[in-house]
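**Q**
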Amino acid sequence: MTERPILFFDSGIGGLTVLRETRIFIPDRKFIYIADDAAFPYGNWEEDELKSHIIDLFAKLLNLYNPILCIVACNTASTLVLKDLRRAHPDVPFIGTVPAIKPAAEQTRSGLISVLATPGTVKRAYTHELISSFASKCHVRLVGSAKLAGFAEDYLRRKPVDRASLKQEIAPCFVEKDGHHTDIVVLACTHYPFLVNLFRKNAKWPVDWIDPAEAVAKRALSLLPDADQVQTLTEHLDLAHFTSGRTDYATNRLLHGFGLRLTPLGQE
Numbered sequence: 001m002t003e004r005p006i007l008f009f010d011s012g013i014g015g016l017t018v019l020r021e022t023r024i025f026i027p028d029r030k031f032i033y034i035a036d037d038a039a040f041p042y043g044n045w046e047e048d049e050l051k052s053h054i055i056d057l058f059a060k061l062l063n064l065y066n067p068i069l070c071i072v073a074c075n076t077a078s079t080l081v082l083k084d085l086r087r088a089h090p091d092v093p094f095i096g097t098v099p100a101i102k103p104a105a106e107q108t109r110s111g112l113i114s115v116l117a118t119p120g121t122v123k124r125a126y127t128h129e130l131i132s133s134f135a136s137k138c139h140v141r142l143v144g145s146a147k148l149a150g151f152a153e154d155y156l157r158r159k160p161v162d163r164a165s166l167k168q169e170i171a172p173c174f175v176e177k178d179g180h181h182t183d184i185v186v187l188a189c190t191h192y193p194f195l196v197n198l199f200r201k202n203a204k205w206p207v208d209w210i211d212p213a214e215a216v217a218k219r220a221l222s223l224l225p226d227a228d229q230v231q232t233l234t235e236h237l238d239l240a241h242f243t244s245g246r247t248d249y250a251t252n253r254l255l256h257g258f259g260l261r262l263t264p265l266g267q268e
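Using full-length UniProt numbering, the first residue of the sequence shown is number 1, and each one after it goes up by one.
1. At what residues does the beta strand (DSSP E) containing Y33 begin and finish?
2. Determine the extent of the beta strand (DSSP E) in which R261 is found, giving its start and end residues.
3. Give the DSSP-derived three-state secondary structure of K177 in the structure shown.
4. Rounded to whole angstroms, what's the CA-CA distance from T251 to G257? Just pull it up for me.
5. Between which residues of its own chain and K51 is the CB-CB distance below 8 angstroms, once the five residues before and five after are set aside?
6. Determine contact between the region 93-102 and the region 203-223, defined as no fewer than three beta-carbon pairs at a distance below 8 angstroms.
7. For the alpha helix (DSSP H) holding S114, just list the boundary residues, first then last.
8. Look at the Cβ atom of G259, then the Cβ atom of A146, and state whether they are nearer than 7 angstroms.
9. T97 and S78 - do their beta-carbons sit closer together than 7 angstroms?
10. What is the DSSP secondary structure of A215, reduced to helix, strand or coil?
11. According to DSSP, simplified to helix, strand and coil, what is A188?
12. Let me check understanding here. Comparing Cα to Cα, which of P41, K177, T190 and H181 lies closest to E21?
13. Among Y249, L7, S244 and L262, which residue has its Cα nearest to the Cα of A38?
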């Protein structure tokens, strides 16, 4: 029987942060990484059009690859369509990547939390529901950036990043209130952990930067059938597909560094 893969999905290459962590917990499973770069950035889409686009694309992906589970390694997509995907495909487990507001509220000492996200994630009702449910006693600053995901894509391809602009994008995360300071920033976009060293260098003061990748990886492990959690390691490169069909040398080199082999959509 052909091994059923774990499918990762993101608008670009940010989901590689989640893939990297998941491999630690599930080292012997085959992975397929889908980058919907033809539609990147998702922030430029109208909400209803983006929802229809992602749902239609997933119908195609599930038919092509028959994954054992799907990880939506994108906060924008997760907060927008996760419920619809689960309803449309009840036999496939879907794991979303949503802002880590609950652990931030549990860990903060000052009570001041910031959520650094894309504009779409910031305005999503799902995000505000998380705050109401888990951080109602905290002061939560939502910071939406239209630039940082693109900066991360450039940074990973070793292109220059405008450091002054990056500093300006994260500046609203740092809040002073009644003698207290923000002490936790939630990285609510899977692209952002790739920039965390630059964030630290340009922060107004030290904070904890929370990345949900480990929690997503643990959840994926818990959803695999017991017989699938221990397998004989096979010699292969996991696969990556870009919906645009276009990649450059820097992207190919990056994917190879993550143990991924670039192939056309639907081919192995």
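Just so you know, even glycine gets a beta-carbon here, dropped at the ideal spot from N, CA and C.
**A** Judging by the given coordinates:
1. Within the sequence shown, the letter at position 33 stands for residue 33. Counting along the chain, Y33 sits inside the beta strand (DSSP E) bounded by residues F31 to A35.
2. For this step, residue 261 is matched to residue 261 along the sequence shown. Looking at the DSSP string, the run of the beta strand (DSSP E) that includes R261 is L260 to L262.
3. Mapped onto the sequence shown, residue 177 falls at position 177. In the three-state reduction of the DSSP assignment, K177 falls in the strand class.
4. Start at 1 with the first residue of the sequence shown, and residue 251 comes out as number 251. Start at 1 with the first residue of the sequence shown, and residue 257 comes out as number 257. Rounded to whole angstroms, T251 to G257 spans 10 angstroms at the Cα level.
5. Residue mapping note: residue 51 aligns to position 51 of the sequence shown, counting from 1. Hits under 8 angstroms: L80, V81 and D84.
6. yes
7. Here the question's residue 114 lines up with position 114 in the sequence shown. No alpha helix (DSSP H) holds S114; the beta strand (DSSP E) holding it covers L112 to A117.
8. Position 259 of the sequence shown holds residue 259. Position 146 of the sequence shown holds residue 146. Going by C-beta atoms, G259 is not nearer than 7 angstroms to A146.
9. Position 78 of the sequence shown, counted from the first residue, corresponds to residue 78. Position 97 of the sequence shown, counted from the first residue, corresponds to residue 97. Taking 7 angstroms as the Cβ cut-off, S78 and T97 qualify as a contacting pair.
10. Within the sequence shown, numbered from 1, the residue matching residue 215 stands at position 215. Under the three-state reduction of DSSP, A215 is assigned to helix.
11. As a first step, residue 188 is located in the sequence shown; it is residue number 188 there, counting from the start. DSSP places A188 in strand when its eight states are reduced to three.
12. The count along the sequence shown starts at 1 and reaches residue 21 at position 21. Of the listed residues, the one whose Cα sits closest to E21 is T190.
13. For the purposes of this step, residue 38 is identified with residue 38 of the sequence shown, where counting begins at 1. The option with the nearest alpha carbon to A38 is S244.
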